[in-house]
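Peer 1: Dropping a structure here in structure tokens format, bear with me for questions.
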């Protein structure tokens, strides 16, 4: 019989190890996690994207992204410009300091990611993506049911409800 629990633990540990690698790069570049992922997104998109792009890419809360943007702007990494197509929207642009950060930290990181992925054979790359997507597609509705207020309240004792 398969050890589903053990496999889940290993998968979650691998995800955390991967997160820790990115956190090390963020710390090395003296950026918070949120600031790092905002810059990662802007750099990966060739130096320009919207705050919504960042929120969507990393499922970050709008306020978290907004706070990171304000810090990055005050530290001189980015400039926020009004989008010509919608005056309510902004574009995130790298400044000269942001471009230096991109060439110092993000371009080498992107090369390392691409090299590591390229070292895996096509079958492993495809399997990794397919497996992660399948797991997420199964987990998402299960967690949504777990977090549904009416259903959760009916299933849990009063003392347990505080967890959710």
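Numbering (my numbering), first residue to last: 12 to 175. All C-beta atoms, glycine included, are put in the ideal place defined by N, C-alpha and C.
1. Does DSSP put residue 102 in a helix, in a strand, or in coil?
2. Tell me the DSSP secondary structure of residue 139 in three-state form.
3. Please report how far the alpha carbon of residue 66 lies from the alpha carbon of residue 38, in whole angstroms.
4. Please state whether DSSP places residue 42 in a helix, a strand or coil.
5. To the nearest angstrom, how far is the alpha carbon of residue 17 from that of residue 25?
6. Mind reading off the beta-carbon distance from residue 58 to residue 105? Whole number of angstroms is fine, and I expect it under 8 Å.
7. Let me make sure I understand the geometry here. Which of 100, 101, 115 has the alpha-carbon closest to that of residue 107?
8. Using DSSP with H/G/I as helix, E/B as strand and the rest coil, what is residue 78?
9. Could you tell me how far apart the beta carbons of residue 64 and residue 56 are, in whole angstroms, since I believe they sit closer than 8 Å?
10. Rounded C-beta distance between residue 62 and residue 101? I'm assuming under 8 Å.
11. DSSP has residue 59 in a bridge; who is on the other side?
12. Which value, in whole angstroms, describes the spacing of the CA atoms of residue 36 and residue 150?
13. Taking the continuous beta strand (DSSP E) assigned at residue 118, which residues delimit it?
14. Could you give the DSSP three-state label for residue 67: helix, strand or coil?
Peer 2: Quick answer:
1. Correct three-state label for residue 102: strand.
2. Reduced to three states, the DSSP call for residue 139 is helix.
3. Answer to the nearest angstrom: the Cα atoms are 21 Å apart.
4. Three-state DSSP puts residue 42 in coil, outside helix and strand.
5. So the alpha carbons of these two residues sit roughly 12 Å apart.
6. Right, their Cβ atoms sit about 5 Å apart.
7. Of 100, 101, 115, the residue nearest in Cα terms is 115.
8. Of the three classes helix, strand and coil, the one that applies to residue 78 here is helix, per DSSP.
9. Cβ atoms of residue 64 and residue 56 come within 8 Å of each other, at about 7 Å.
10. The C-beta distance from residue 62 to residue 101 rounds to 6 Å, short enough to meet the 8 Å contact threshold.
11. Under DSSP, residue 59 forms a beta bridge with 104.
12. Each residue's alpha carbon lies about 29 Å from the other.
13. From DSSP, residue 118 is part of no beta strand (DSSP E) but of the alpha helix (DSSP H) over 118-130.
14. Residue 67: helix per DSSP, three-state reduction.
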